[in-house]
Ligand SMILES: Cc1cc2nc3c(=O)[nH]c(=O)nc-3n(C[C@H](O)[C@H](O)[C@H](O)COP(=O)(O)OP(=O)(O)OC[C@H]3O[C@@H](n4cnc5c(N)ncnc54)[C@H](O)[C@@H]3O)c2cc1C
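Protein chains in written order, with this note's numbering: chain A, 183 to 672; chain B, 450 to 503.
Quick look at the structure:
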């Protein structure tokens, strides 16, 4: 009997664990270690953040799902990895610390034959002065939609602003990235879209100034160096597409901004030209930068090998080319394919947890040398695909004795879909649907724009809004392992 | 045309992009056309998914 331990029960880890259990059956053990008791369909937090949905619509308890599936669920956070065992025991293990199941604070060791790191991001609010509450969570001056609870709080704050506007008080909304090295611009893009829609529905749009603040050097960079869509006989830049969306809605934007301080009602930011500026706000939702969750690693003699397993940003090293050098030398082939750690071949990292070889967007810094560059997005669809591909490789290793991973999942060979949708009504909503293939441009394979123009598209309309609703219900259905769940694609 | 385009301040960043006109806006909410687009988006996403699994 082999034991697969999955650290992290989010989008990629849940996908990996549920498929692994299905493929491995009762003969082998699948353990999920994750600190949360509820599974959250994060993309729909955007709707919670404007009061269109409640927390209960986007979460469900994990325990019954794992019990039914036969997965050993530990409500705990992983603390350290010991890939060589220790001086008394040669078996590889991890240490965990319980956060629930009536064992809060207790520590335990868990041996593994295969390990998947799917721990996602640490929301690094602490990286920007005033963005955090001092304990690593979102601070009092801004709101967040990164978790369901954050989003509920954001919707209450939004409601309070709407009440003020109804009484004739003008409000400034600031939505975007809270640091020069953020990713996840898509979430901020979708949220600003929803804020504008909600204010319109509430009849107070003319009382609001809505501003997007971003570390992107142009609107529509999305951390992917921008993209081109096939549109009306042109390969049209995502810059034009995004600017058009914003201009049509009367939204303003601040580009190339590194927010370095947040105070009550005011942010201070440094621009790419090196200037310092401030922006006042009444309501601000700023995405924090992401880092690894801070796992440690030790060798057989208990020597610290964290730097061997993890990049300095805390993400796990896999089969990427980490020595690609400067932007001019970057290639699609720098991106990891098997997601296998090269020192310990039974360890894999998927989703946000793996260390990218470098950004996708061109690195930029301000005149003062402050880096202001979007870091690479690893959105839901690729994260789930990585989870499944790695699982299939591990299953082949366990069941069929494969010596190497049999499946690949490179961001330079896969696409992503992003649907930004506002409103709940079937006919009153609005949305932008974008697809990109591949996520990392490959200028050798697709000379010109670096991407397949047949797979890289963008359009607005009700249809995209319907697609987003189907994704919401479809993915929750799949994650709850309801009948036919395996038929719903990642 | 004026009905669909609000004033855009010349030389503002918003002035440098494309602004949808009536026909575009109509198509975005025309249910029949959107049903066609719905099918198209789903086909496109299915192809994307199939091309992405290795
Ligand atoms: C507001 C918002 C909107 C988004 N919208 C979209 C969208 O529309 N489409 C899209 O494709 N993507 C979207 N994304 C991105 C998407 O949510 C992420 O790409 C996806 O969740 C990444 O999956 P993951 O498994 O890597 O991380 P996560 O889903 O974050 O899962 C990580 C898991 O690891 C757990 N964990 C943390 N620390 C430990 C530890 N020490 N030990 C064990 N477990 C640990 C966490 O509790 C969590 O359960 C959005 C993100 C945000 C924030």
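Note that beta-carbon positions come from the ideal geometry of N, C-alpha and C, so glycine has one too.
From a predicted model like this one, the values you see are computed outputs, not experimental measurements.
Express the C-alpha separation of residue 243/A and residue 593/A in angstroms, rounding to a whole number.
Straight-line Cα distance between these residues: approximately 31 Å.
Tell me, please, which residues DSSP counts as bridged to residue 264/A.
In DSSP, residue 264/A forms a bridge with 275/A.
Within the 8 Å Cβ cut-off, does residue 379/A reach chain B?
It does not: the Cβ of residue 379/A has no partner Cβ on chain B nearer than 8 Å.
List, from N- to C-terminal side, the alpha helix (DSSP H) runs of 4 residues or more that fit wholly inside the segment 488–518 of chain A.
Listed in chain order, the complete alpha helix (DSSP H) runs (minimum 4 residues) inside the segment 488–518 of chain A are 488–491.
Output, in chain order, the set of chain A residues within a Cβ distance shorter than 8 Å of residue 465/B.
In chain order: 425.
In whole angstroms, what separates the C-alpha of residue 470/B from that of residue 455/B?
If you take the alpha carbons of residue 470/B and residue 455/B, they lie about 11 Å apart.
Kindly say whether residue 472/B, judged by its beta-carbon, lies nearer than 8 Å to any beta-carbon of chain A.
Chain A contact via Cβ: absent.
Any idea what DSSP makes of residue 440/A, helix, strand or coil?
Three-state DSSP puts residue 440/A in a strand.
What does residue 379/A pair with, by DSSP beta-bridge criteria?
According to DSSP, residue 379/A bridges with nothing at all.
Can you list the residues of chain A that residue 475/B reaches, using a CB-CB cut of under 7 Å?
The premise fails here: residue 475/B is roughly 10 Å from chain A at the closest Cβ pair, so nothing lies under 7 Å.
For residue 217/A, which residues in the same chain have their Cβ closer than 7 Å to its Cβ, ignoring the five residues on either side in sequence?
Once the five neighbours on either side are set aside, the close Cβ partners of residue 217/A are 257, 258, 259, 281.
Is residue 627/A helix, strand or coil when you go by DSSP?
If DSSP states are grouped into helix, strand and coil, residue 627/A belongs with coil.
Measuring straight from C-alpha to C-alpha, what distance separates residue 633/A and residue 492/B?
Taking the straight line joining both Cα atoms gives about 19 Å.
Pull up the distance between the alpha-carbon of residue 604/A and that of residue 559/A, whole angstroms please.
So the two alpha carbons sit approximately 22 Å from each other.
Residues in the segment 585–606 of chain A with C-beta within 7 Å of chain B's C-beta atoms, listed in sequence order?
Listed in sequence order: 589, 590, 591, 595, 596, 597, 599.
From the DSSP output, in three-state form, read off residue 465/B for me.
Residue 465/B: helix per DSSP, three-state reduction.
Mark residue 522/A as exposed unless 16 or more other C-beta atoms lie within 10 angstroms of its C-beta, in which case mark it buried.
So residue 522/A ends up on the buried side.
Taking only the alpha-carbon atoms, compute the straight-line gap between residue 520/A and residue 339/A and give it to the nearest angstrom.
Looking at the two C-alpha atoms, the distance is approximately 43 Å.
Taking only runs of the alpha helix (DSSP H) that begin and end inside the segment 542–603 of chain A, which ones reach a length of at least 4 residues, in chain order?
Runs of the alpha helix (DSSP H) inside the segment 542–603 of chain A: 562–582.
Please report whether the beta-carbon of residue 666/A lies at a distance below 8 Å from any beta-carbon of chain B.
Not an interface residue.
Using only the alpha-carbon positions, how far apart do residue 191/A and residue 247/A sit?
About 12 Å.
Just to confirm the assignment, what range does the alpha helix (DSSP H) spanning residue 186/A have?
Careful: residue 186/A lies outside any alpha helix (DSSP H), inside the beta strand (DSSP E) at 185–189.
Note the first and the last residue of the continuous beta strand (DSSP E) segment covering residue 289/A.
Unbroken beta strand (DSSP E) run through residue 289/A: 289–293.
Going by alpha carbons, who is nearest to residue 590/A out of 264/A, 599/A, 293/A, 515/A?
Out of 264/A, 599/A, 293/A, 515/A, 515/A has the C-alpha closest to the C-alpha of residue 590/A.
Got a sec: which bits of the segment 632–653 of chain A sit with their beta carbon under 9 Å from any beta carbon on chain B, in order along the chain?
Those would be 634, 636, 637, 639, 641, 642, 643, 644, 645, 646, 647, 648, 649, 652, in chain order.
Taking the straight line between their C-alpha atoms, what separation do you get for residue 325/A and residue 292/A?
Rounded to the nearest angstrom, the two C-alpha atoms are 37 Å apart.
Mind pulling the chain A residues with CB within less than 8 Å of residue 459/B?
What residue 459/B touches in chain A: nothing, since even the nearest Cβ is about 13 Å away.
In the DSSP assignment, the alpha helix (DSSP H) including residue 228/A goes from what residue to what residue?
Unbroken alpha helix (DSSP H) run through residue 228/A: 227–230.
With distances taken from CA atoms, which of 609/A, 596/A, 658/A is nearest residue 638/A?
Here the closest residue by C-alpha is 596/A.
With a cut-off of 8 Å, do at least 3 Cβ pairs link the segment 457–468 of chain A to the segment 293–306 of chain A?
Touching, no, given that fewer than three Cβ pairs across the two stretches are closer than 8 Å.
Counting only Cβ pairs nearer than 7 Å, list the residues of chain B close to residue 567/A.
Near residue 567/A (Cβ distances below 7 Å), the residues of chain B are 501, 502.
Helix or strand or just coil, what does DSSP make of residue 219/A?
The answer is coil: DSSP assigns residue 219/A none of H, G, I, E or B.
Can a CB atom of chain A be found closer than 8 Å to the CB of residue 497/B?
Yes - at least one Cβ of chain A is within 8 Å of the one on residue 497/B.
So what's residue 636/A in DSSP terms, helix, strand or just coil?
Looking at residue 636/A - three-state DSSP - the assignment turns out to be coil, as it is neither helix nor strand.
So if I threshold CB-CB distances at 9 Å, which residues from the segment 428–450 of chain A count as touching chain B?
Residues passing the 9 Å Cβ filter: 428, 429, 430, 432, 433, 434, 435, 437.
Considering only their Cβ atoms, is the gap separating residue 611/A from residue 644/A smaller than 8 Å?
Their beta carbons are under 8 Å apart, which means residue 644/A touches residue 611/A by this criterion.
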